[in-house]
Amino acid sequence: MPKCYEHKVIASATGAISAFGYGYYAEQDFAKAWQYALGGVLGGRITAGIADFLEPSKIFGPNHRSFFHGIALNGGLAAAAYNPGKEWLLSLVHKAIECDNKQEPFKAFRYRVLVGLIIGGAGGHISHLLADSITPNGLPLLC
Ligand SMILES: [Zn+2]
23 MPKCYEHKVI
33 ASATGAISAF
43 GYGYYAEQDF
53 AKAWQYALGG
63 VLGGRITAGI
73 ADFLEPSKIF
83 GPNHRSFFHG
93 IALNGGLAAA
103 AYNPGKEWLL
113 SLVHKAIECD
123 NKQEPFKAFR
133 YRVLVGLIIG
143 GAGGHISHLL
153 ADSITPNGLP
163 LLC
């Protein structure tokens with residue numbers, strides 16, 4: 023079973039890679055993609071243990087995975103958030119580009135870190151669930 027430290031390392035790396043990939047996909051610029059990756063590390067680190075925070079093994083026991091680790095809840099949230107999230111993230115990328123055009127690099131940097139934080143947060147949580155899913159206990163469908 024992955025422990026808290028392993029989850030944080032895996033989620034931070036997943037957050038950085040996924041946010042870097044999204045940033046490069048959105049702007050086709052390696053020099054700007056690292057700004058997304060920075061947000062991705064933070065986002066992944068923040069969400070690394072959120073499922074275990076909501077269902078701690080100290081209270082629920084070693085087989086603590088239930089509703090918040092469930093495939094139904096997480097898959098449903100991902101499906102519901104996909105389209106509005108995609109539009110919102112693209113609008114934030116456009117704001118970052120507008121700030122670049124207005125010679126406001128720090129404001130543009132903040133928008134890119136925010137987008138990276140969101141992408142990395144999603145990636146960090148998904149990496150937690152994937153890491154849990156390959157253990158003998160696996161993940162529950164519902165709870
Ligand atoms: Zn877990």
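Using my numbering, the first residue of the sequence shown is number 23, and each one after it goes up by one. We put the beta carbon where it would ideally sit given N, CA and C, even for glycine.
Per-residue burial, residue i [other beta carbons within 10 Å of its own, 16 or more giving buried]
i      : result
Lys25  : exposed
His116 : exposed
Tyr44  : buried
Ser149 : buried
Tyr58  : buried
Ala100 : exposed
Leu112 : exposed
Ser155 : exposed
Thr69  : buried
Gly97  : exposed
Leu64  : buried
Ala33  : buried
Cβ shell of residue i (< 7 Å), same chain only, five flanking positions each side left out
i      : result
Pro84  : none
Ala130 : Ala118, Cys121 and Asp122
Leu95  : Phe89
Ser40  : Gly62, Ile141, Gly142 and Gly145
Check: residue i C-beta below 7 Å from any heavy atom of ligand 1
i      : result
Ala55  : no
Ala73  : yes
Arg87  : yes
His150 : yes
His147 : no
Asp122 : no
Closest residue to residue i among the options (Cα-Cα distance)
i      : options                          : result
Thr36  : Ile141, Leu99 and Gly107         : Ile141
Gly160 : Arg132, Ala103 and Ile93         : Ile93
Trp110 : Leu163, Pro127, Gly138 and Arg87 : Gly138
Val31  : Pro78, Tyr133, Ala48 and His147  : His147
Glu28  : Tyr47, Ala101, Lys80 and Ala153  : Ala153
Arg134 : Ser34, Ala33, Gln50 and Leu60    : Leu60
Pro162 : His91, Ala38 and Tyr46           : His91
Cys165 : Phe82, Tyr46 and Asn105          : Phe82
For residue j and residue i, believed in contact at Cβ under 8 Å, the rounded distance
i     : j     : result
Phe42 : Ala55 : 5 Å
Close Cβ partners of residue i (< 8 Å) along its chain, the five nearest in sequence each way excluded
i     : result
His86 : Asp74, Glu77, Pro78 and Ser79
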